[in-house]
Structures are given as C-alpha cells and as structure tokens.
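The structure appears right after this line, and notes come after that.
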Amino acid sequence: MVASAQRSVESSFPRPGWVEQSPSEIWDTQLEAARQVAAQVGVERIRAVAIANQRETALIWKRATLEPIGPAIVWQCRRTASVAAQLDDLHGEQIRFRSGLQPDAYFSGPKFSWLLNHADPALRARDRAEAGELACGTVDTWLLAKLTGGAVHATDVTNASRTMLWNLSDRDWDKQLCSWQGVPMSMLPEARPSGSEYGLTEASLLGKALPILAVAGDQQAALYGHGITSPGAAKCTYGTGAFLLSHAEPEADAESTPDGLLLTAAVDGGLALEGGVFTAGSVVQWLRDELELAPSASEISALAASTDTSGGVMLIPALAGLGSPHWDPDARGAILGLTRGTTKAQIARAALEAVAFRVREILEAMEAGAGPIAELRVDGGMTSSDEMLQIQANALQRPIVRPATQETTAFGVARLAMEVSGLDAVIEMDEDRFEPNADLESAFQRWSAARRAIQTLSPDGDLTE
Ligand code: ADP
C-alpha cells in the first residue's frame, strides 16, 4: 500500500430504526479522499480506479442532472420492515429461490420503492421513473455516475445480488421481483461483471481521465481480498457486525443453501454463502459506553485478557435481534450466570466469547452447505484484539489467520483491477496465525442452551418497546 486517505460519512437517524446518509456528502467525501491519494502518489502513476462500497444502501437521482430525489437510505434502515414482512408472507419462497435472499428490510428493492412513493409529489416520481428519467442504484452506481459525469449507469453483479431484484440463476434483473417490490425496470443500472471496463473518470476530477476497472460490494471484495476463490476457506469481517462469507459449490442454488444463510454473487462470477452477526464490535461499544467497563474498546479487550475464563458468565449478544442462521428480529440480549464474585473482566471475556460463538453457529451452518472449512481468515476493527482471535480459534478449534493489511476490502477490488489491466496481481502479505490452545466446547454447549432459552423469553414485536 503506497497511500491511503479516509473521510467519514455522517449518518442521521430521523426516527427510531431509520438510518439515512446524504448522497452529496457520500460523493464529496469520496472525491476528497481520492484527490488526497492522487496528490500523495502523483496521478500519472495511477493506472485505474476501483470501487468497494457499502451494499444495499439505496439512492435515486435524475438522469439528466444527477440530482438526488431523496436521501440515501442506508442498509441498516428498518423503515421498510413491514413491507419486507409482507413480501415474505406473500412470496417468501419465490423470493428466496430467485434472489437467494431472505426478505428483510436490509435489501434495496423496497427502499427504492419507498423513495419513489415519498418523493415530492410535484416531481411525479413514478411517472418519471417509468419514462426513464430517473435512475436508481446502490452506492457504487451513484459513484460511477458521478465519476463519469453521468455517462455510465451501471453496477456489478455482487451489488446487484443484494437488491433482492436480481435473479441469481438467470444472472439478470428479475421482472417478477421488480414488480412485487414496485420498482420500475427502466430505473435499473446495467449489471456487469465485477472486473470490467466501466468507463473513464472525468478528467477534471482527479487531473486525468482514469479507467474504472473494478466494482464490488464490500463483503465480496473482502472475500476476494483474502484470496478465497473456492470452497474450503471462509472469511469473517468483524466491525460493528460480523459477516462471514465462503465460496459456494459451483452448482449451488437456493434449494441447496443451508437454512438461515444467504446465497449471493461473488466477485469472480461464482456464488458465495453469507451469514451475518448483527452485534459484534457493537457489544464491545455497549460495554464501553453503557456499562462503562473501560474507556476504550482495546481496554475492554485487555480486561477480557486479564482472566483465563469467564467463570461461567454467558452473554447473549442479541442487542439488535439475532441474524443468521436464526433471523429472529425480536430476540433480546442477556447476561447470565452471575454470582456475587463475578468481575468486570469475566463479563468482558463473556462478550468476546459470545461473538466467537455466534460466528461458530454460522460457520457450522456454512459447512453444511459448502463442506469442511479448514481455516478462517479475518479482518475488521475487532481483529486488532489478539485475545478475540485466540478465543475465536478455541471456539472453532480451527486456525484463525489475520493478514497484516487490514484494508482487505479495498485490496480485493484493487487486485481485481490489476487483473483486468493485465498486471501481475499476486501479492505476498505477512499474516498472523492463531492456533487453538484450549477447549471451549462445554462453554459453547451451555451458551447455546442459554441462547435458545433467551429466544423463547423475548417479547414479540417492536424492538424499540
Ligand atoms: P465498522 O466498519 O463497522 O464501522 P470497524 O471495522 O471500524 O467497524 O470496527 C470497529 C468495531 O471494532 C467497534 O465496534 C469496536 O468496538 C471494535 N473494536 C475496535 N478495537 C477493538 C479491540 N481492540 N477489541 C475489541 N473490539 C474492538
């Protein structure tokens, strides 16, 4: 890595469960970061641009002026939860079969429809969408449009496969899925292979027109960045949530997908199995900010490392429901097994074990579909904790491998762009390995029983109650 720059993008929360970003801020911050990198390395040395992006986030803009008609509705936003539940009731099986996804507010289709329905009525958004005057897309498509001055309206297959509008076996937009979700097909971008010639950036932006040669959603980009291109290995990115992906068998389809996992397009044209833990790093944040166990995430991890066992304390990290493979949005979290002698360190350790156990549940579900997974490759903020990774190795009884570069996502699309431009993309990276050195089997079994019990005790209905 020769240069890097970062800009953060603000999220706003206009109502409980709603999450929005500003389309213009997404563009402005990314352009600033790109300009800073170009200035650091000299634009003449840059061969190509590649995009790895947050997935599912939905935007609509006017084709002629690239003016957004509403906010970017972020992947975490729950405003379409009731629409998704209704879609699941009416067409759940067909949606899973066609898109590989479990109908949920997470995915883009109903978000596009919401934006059309709630745009300024004077705009007559649905009519204009049908007339081809509006364009919709995820963040990659928005950045491609802005980078090329509106010349390109495209996405890649990995992002397309997260909209719930894309048919995995036809590898094309699905008329029926679009109709069920109220999305006019005239708005959709052209979906291309992740590594391909998307177009040229406007010369004025970075000082030179550069070819855009790769686009991929962040999780699939990370899978590729870890060098995983066949079944037998998996990666987990531990951020706010944790996302596990592995390659599926080439002949995989929705019917062979293990219950509770998603099937999704991979960067190299194949398919990937995916499962998500909604609460991973965020449980550490919660211990830091609400229980005030320690002032920083790394000190929570140090606290966990200060004790050899959690002393029978168990934490169920269902702070935002439970994701894969349970898909239980109403489940609530819990801390169990307390005594008068329970310490902060034991609670901190129980939190790290809880994340490791949730990852184990998904990995085991994955193995049912993709066969044995020999090792887990990891990245993301939480993997700066050696203790977390040792606990993960013990919970899985498999080696955990952490590459020296933590920018696996950006690295995945950079590698793809190098391949498209004919450069040698074999890159050696140092890595740390964590081998199992203790057995957590009985702790996992007790924790699993607690998790099941907690699910039966959680109230049905609105999490914000
Ligand atoms: P995101 O991309 O989702 O914002 P990051 O990859 O930046 O997330 O990871 C941030 C998360 O990692 C935070 O939730 C934080 O609590 C957790 N984290 C960061 N450092 C540590 C650490 N040393 N030990 C445990 N968790 C950590």
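First residue of the sequence shown? That's 413 in the working numbering, and the numbers climb one at a time after it.
Where a beta carbon is used, it is the ideal one built from N, C-alpha and C, also for glycine.
Thr-669 CB to nearest heavy atom of ligand 1 below 6 Å: no
Rounded to the nearest angstrom, what separates Ala-615 and Ala-621 at their Cα positions? 4 Å
At the level of alpha carbons, what is the spacing between Trp-859 and Arg-490? One C-alpha to the other measures close to 29 Å.
Could you pull out every residue in the same chain whose Cβ sits closer than 6 Å to the Cβ of Asp-874, ignoring the five residues on either side in sequence? The predicted model places Asp-874 with a pLDDT of 48, which falls under 50 and marks its position as unreliable, so this point remains unresolved.
Just tell me which of Thr-649, Ala-470, Ala-476 has its CA closest to the CA of Phe-519. When the alpha-carbon of Phe-519 is set against those of Thr-649, Ala-470, Ala-476, the nearest one is in Ala-470.
Among Trp-439, Val-421, Asp-440, whose alpha-carbon lies nearest the alpha-carbon of Val-431? Nearest of Trp-439, Val-421, Asp-440 to Val-431, Cα basis: Val-421.
Specify the secondary structure class of Glu-686 as computed by DSSP and reduced to three states. Look at Glu-686 here: in three-state DSSP terms it is strand.
Straight-line Cα distance separating Ser-870 from Thr-876: For Thr-876, the predicted model reports a pLDDT of 41, less than 50, meaning its position is unreliable; a value from the coordinates is still stated below. Answer to the nearest angstrom: the Cα atoms are 13 Å apart.
What residues in its chain sit with their C-beta under 6 Å from that of Gln-809, if we drop five residues either side in the sequence? Pro-848
As a quick exercise: from Ser-525, Cys-590, Arg-761, Asp-539, pick the residue whose alpha carbon is nearest that of Ile-507. Cys-590
What are the start and end residues of the alpha helix (DSSP H) that includes Asn-806? For Asn-806, the enclosing alpha helix (DSSP H) begins and ends at 798 to 808.
Three-way DSSP call (helix, strand, coil) for Pro-480 in this model: Here Pro-480 sits in strand by DSSP.
So, helix, strand or coil for Tyr-636, using DSSP? helix
Whole angstroms is fine: what's the gap from Ser-434's alpha carbon to Pro-426's? 13 Å
Just to confirm my understanding: we take Ser-713, look at its own chain, exclude 5 residues before and 5 after, and list those with CB closer than 6 Å. What are they? Result list for Ser-713: Ser-797, Glu-799, in chain order.
Quick one, which of Leu-673, Gly-672, Ala-684, Thr-676 has its alpha-carbon nearest Ala-645's? Closest by alpha carbon: Ala-684.
Please find out if some non-hydrogen atom of ligand 1 comes closer than 6 Å to the beta-carbon of Gln-867. Closer than 6 Å to some heavy atom of ligand 1: that does not describe the Cβ of Gln-867.
Beta-carbon separation of Leu-546 and Arg-538 under 7 Å? For Leu-546 and Arg-538, no; Cβs fall outside 7 Å.
For the alpha helix (DSSP H) containing Gly-521, list its first residue and its last residue. 521 to 529
Could you name the residues that DSSP lists as bridge partners for Thr-883? With the chain running from 413 to 877 in the structure shown, residue 883 is simply not present.
For Ala-445 versus Ala-829, is the C-beta spacing smaller than 7 Å? no
When every heavy atom of ligand 1 is checked, does at least one fall within less than 6 Å of the C-beta of Val-696? yes
Relative to the alpha-carbon of Val-551, which residue among Thr-575, Pro-662, Leu-617, Pro-533 has its alpha-carbon at the smallest distance? Thr-575
Nearest-angstrom Cα distance between Gln-488 and Asp-836? Distance from the CA of Gln-488 to the CA of Asp-836, rounded to the nearest whole angstrom, comes to 37 Å.
Would you please state the rounded distance, in angstroms, between the beta carbons of Gln-593 and Gly-639? I believe it to be under 8 Å. Not really, about 35 Å apart at Cβ, beyond 8 Å.
Contact test: Ala-709 Cβ vs ligand 1 heavy atom, cutoff 6 Å: It does: the Cβ of Ala-709 is within 6 Å (strictly closer) of some heavy atom of ligand 1.
Can you give me the start and stop residues for the beta strand (DSSP E) that Leu-657 sits inside? 654 to 659
Taking only heavy atoms of ligand 1 into account, decide whether any of them is closer than 6 Å to the Cβ of Thr-652. Result yes, Cβ under 6 Å from ligand 1.
Quick check on Gly-724: does DSSP put it in helix, strand or coil? coil
Take Leu-699 and list the residues in its own chain whose beta-carbon comes closer than 8 Å to its own, dropping the five residues that flank it on each side. Excluding residues within five positions, the ones whose Cβ falls inside 8 Å are Leu-705, Ala-706, Ile-712, Ile-759, Ala-760, Ala-763.
Taking Cβ positions, are Pro-811 and Arg-845 nearer each other than 7 Å? Against a cut-off of 7 Å, the Cβ pair of Arg-845 and Pro-811 comes out as a contact.
Would the stretch 606 to 615 and the stretch 650 to 661 be scored as touching if the rule is three or more Cβ pairs under 8 Å? no
Comparing the CB of Gly-824 with every heavy atom of ligand 3, is any distance shorter than 6 Å? As presented, the structure is devoid of ligand 3, carrying ligand 1 as its sole ligands.
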